[in-house]
Every structure is written in C-alpha cells, then in structure tokens.
Amino acid sequence: MGEELIATECRPDSGGSSMNASIRSVDWKEREIFSGLRVPSDAPVMVRIDGWRFHKVADELGLERPFDRRLIEALIQAPLSLMRMGFPLALSFAFSDEISFLIYPPIPWSGRVEKLISVIPSHSSAIVSMFLNYPVCFDARIIILRDLDEILGYLSWRQSEAWRNALNSYALFALERSGMNREDAVKELRNRKADSLHDIIFTKLGINIATVPSWQRRGVIVRKRYEEKHCESGKVVRRVPEVDWDIPLFSTPEGRDYLLEALRALE
1 MGEELIATEC RPDSGGSSMN ASIRSVDWKE REIFSGLRVP SDAPVMVRID GWRFHKVADE
61 LGLERPFDRR LIEALIQAPL SLMRMGFPLA LSFAFSDEIS FLIYPPIPWS GRVEKLISVI
121 PSHSSAIVSM FLNYPVCFDA RIIILRDLDE ILGYLSWRQS EAWRNALNSY ALFALERSGM
181 NREDAVKELR NRKADSLHDI IFTKLGINIA TVPSWQRRGV IVRKRYEEKH CESGKVVRRV
241 PEVDWDIPLF STPEGRDYLL EALRALE
C-alpha cells in the first residue's frame, strides 16, 4: 500500500501566536503610496532615463572607446518605437547612456507619476536590450516644464552635459591609453576645467575635440517631420519620426530656431 497523505489543519503552538488572530481587513489600494501622485496634465513634462551600470555593459559588449555609434543607435530605438506606437512624444534628446523624452499635454495616464516612470523606462529597456542582444535597464525621473523657454533651457542644459561628457570620455581614454589605470585616471580628471581636458586630449591623442563627430559632442535628436505621400485619392500628409545626427548648439539662435521648428511639426 502506498503512503497515505493526510491533510491536517495547521494550528498555532500552545504558547500563543499572532497567527491565531483573525486576518485584518486592509485597504491595500491605500498602501500604493504613489498612486495619487500626478504631474499637471496640461503642461509639458520631460522624462529622463539613465542607464544603470552602463560601464559594465560597454565592457562586456566590447564597445569601442571613447564612443561607439552602436550604443547611441540602440538608445534611439526607444523613442522611435514610442513614436511609431502613437505615444504623444514631442521629441527626444539622447547622448551617452541617457534619453530625455519631451511629452506634450494631455499627459498620458492623467499625469500619474508611477506610470510615467515605469512604462517609459521599462519599454526602453526592452527595446534597447533587443537591439543590443544584451540585457540593460534604466532608471527614470520627471522634470516639470512650465513653458517653451523652460523646454529650450532644459535641452540646452543637457546638451552642455553632452559636451562635458565628450571631454571627459576622450580625456579618460587618453590617460588610460598612456598607461594609467582607470581608477587613477578618474582621480586625475576630477575637477579639471575644460581647457585642461582639451590639452590632455590634444597632447596624448592628437585630436582636436571640436572636430569629432557632432553626435558625440552635441547629442542626437529624435523628432517628427511632415512627409507627403501621393495616392489615388490625392495627397496625404503625415508626421513620421526621424533621427538627426548633426544638430546645432541649442544655446545659439540657430539652435533655438531648430528646436522651435521641430516643435512646430506637432501643431
């Protein structure tokens, strides 16, 4: 005869236990502490995602240093995918391991923060991971923008960070190639001014940083443009996403006009 399995009631020990108490009724929805947190649904917002441990990603994928176009090509797949899905994305700006997504009102999900900072980075992680055939992930933050001037100011700020990132990346590469280990090279570059970084890059690599590809210095824009198609019923105009690898400085009149034109395509 096989062993007989007998189900028995689980009883608390004789010393008494909290398990002996009845299960309390709890409103678990109330415990979702961020569910009620929202951004204004009638103002533009920027969602910025940043790569997590991308130094390791670059090392394990064997990406070229100081820049590898494959990485930025992977990043821009995220906003391209969202635009093609019909997500209300005005434009995106990408450099290094970060992407800024400009969203125009009405903001999706009635401005719910937990949705914005979960769906966008998780979708981006999936798209970039598939492109690289390597798992990556991003964290996210939200920046509230009150008007057009703040949109332009934010993008100018991030572009200045792209320039600083280019200087640091080339200078770090220069020191490491000269024989310094990464930890010492990072310490050596700490608090260095731009002119000093210029000198290191030119002296050790023979490179004028102002002549490297624009996307390394200024970042990349994913925007929408009008496209005309002719068919039997006549002309059809639609907005399609495009990638701009050669963008102007946003802090200049040319750069401001460029951004205004990109945003007018949304009207």
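By UniProt numbering, the letter at position 119 of the sequence shown is numbered 119, and the numbering carries on one by one without gaps. Note that CB positions come from ideal geometry on N, CA and C, so glycine has one too. Given the structure is predicted, the values throughout are model-derived calculations rather than measurements.
- Between the C-alpha atoms of V236 and A262, what's the straight-line distance to the nearest angstrom? Their Cα atoms are separated by approximately 20 Å.
- Message: Quick check: V220 and A74, are their CB atoms within less than 8 Å of each other?
- Response: Cβ distance not < 8 Å, so V220 and A74 don't count as in contact.
- Can you say whether V222 is buried or exposed, counting buried as having 16 or more other CB atoms within 10 angstroms of its CB? The residue is buried, with at least 16 neighbouring Cβ atoms inside 10 Å.
- Pull up the distance between the alpha-carbon of G55 and that of V186, whole angstroms please. Before going on, a small fix: residue 55 reads as His here, not Gly. Spanning the two alpha carbons is a distance of roughly 13 Å.
- Query: Do you know how far the Cα of S25 is from the Cα of L102?
  - Reply: Cα-Cα distance, rounded: 42 Å.
- Enumerated in chain order, which unbroken segments of the alpha helix (DSSP H) with a length of 4 residues or greater are wholly contained in the stretch 66-113? With a minimum length of 4 residues, the continuous alpha helix (DSSP H) runs that stay inside the stretch 66-113 are 69-84.
- Query: Thinking C-alpha only, which one of K115, D149, I33 and R84 is nearest V39?
  - Reply: Of the listed residues, the one whose Cα sits closest to V39 is K115.
- Using only alpha-carbon positions, find the residue among I127, I143 and L189 that is nearest to I72. With respect to the C-alpha of I72, the residue from I127, I143 and L189 having the closest C-alpha is I127.
- Message: Looking at the strands, I want to know which residues DSSP matches up with G51.
- Response: Among the bridge pairs identified by DSSP, G51 is matched with F138.
- Query: Thinking just about the alpha-carbon of each residue, which of G255, S214, R177 and S169 is nearest to the one in L197?
  - Reply: The residue with the shortest Cα to Cα distance from L197 is S169.
- Message: From the DSSP secondary-structure annotation, give me the bridge partner or partners of H230.
- Response: According to DSSP, H230 shares a beta bridge with K235.
- Query: Quick one: Cα of L155 to Cα of K229, how far?
  - Reply: L155 and K229: Cα-Cα distance of roughly 32 Å.
- Query: Between L132 and the rest of its own chain, which residues show a CB-CB distance below 7 Å, the 5 nearest in sequence each way excluded?
  - Reply: Same-chain partners within the cutoff: L61 and A74.
- Query: Is V240 near R225, with beta carbons less than 8 Å apart?
  - Reply: Contact flag set, yes.
- Query: Going by C-alpha distance, which of Y104, G111 and S100 is nearest P121?
  - Reply: Looking from the CA of P121, the closest CA among Y104, G111 and S100 belongs to S100.
- Message: If distances are taken between C-alpha atoms only, which option among D199, K204 and R158 comes closest to R177?
- Response: From the listed residues D199, K204 and R158, the smallest Cα separation to R177 is found for K204.
- Return the CA-CA distance between I201 and W52, expressed in angstroms with no decimal places. Per the coordinates, the alpha-carbon of I201 lies some 27 Å from the alpha-carbon of W52.
- Hey, quick one: how far does the alpha helix (DSSP H) through F173 stretch, first residue to last? Its alpha helix (DSSP H) spans residues L148 to R177.
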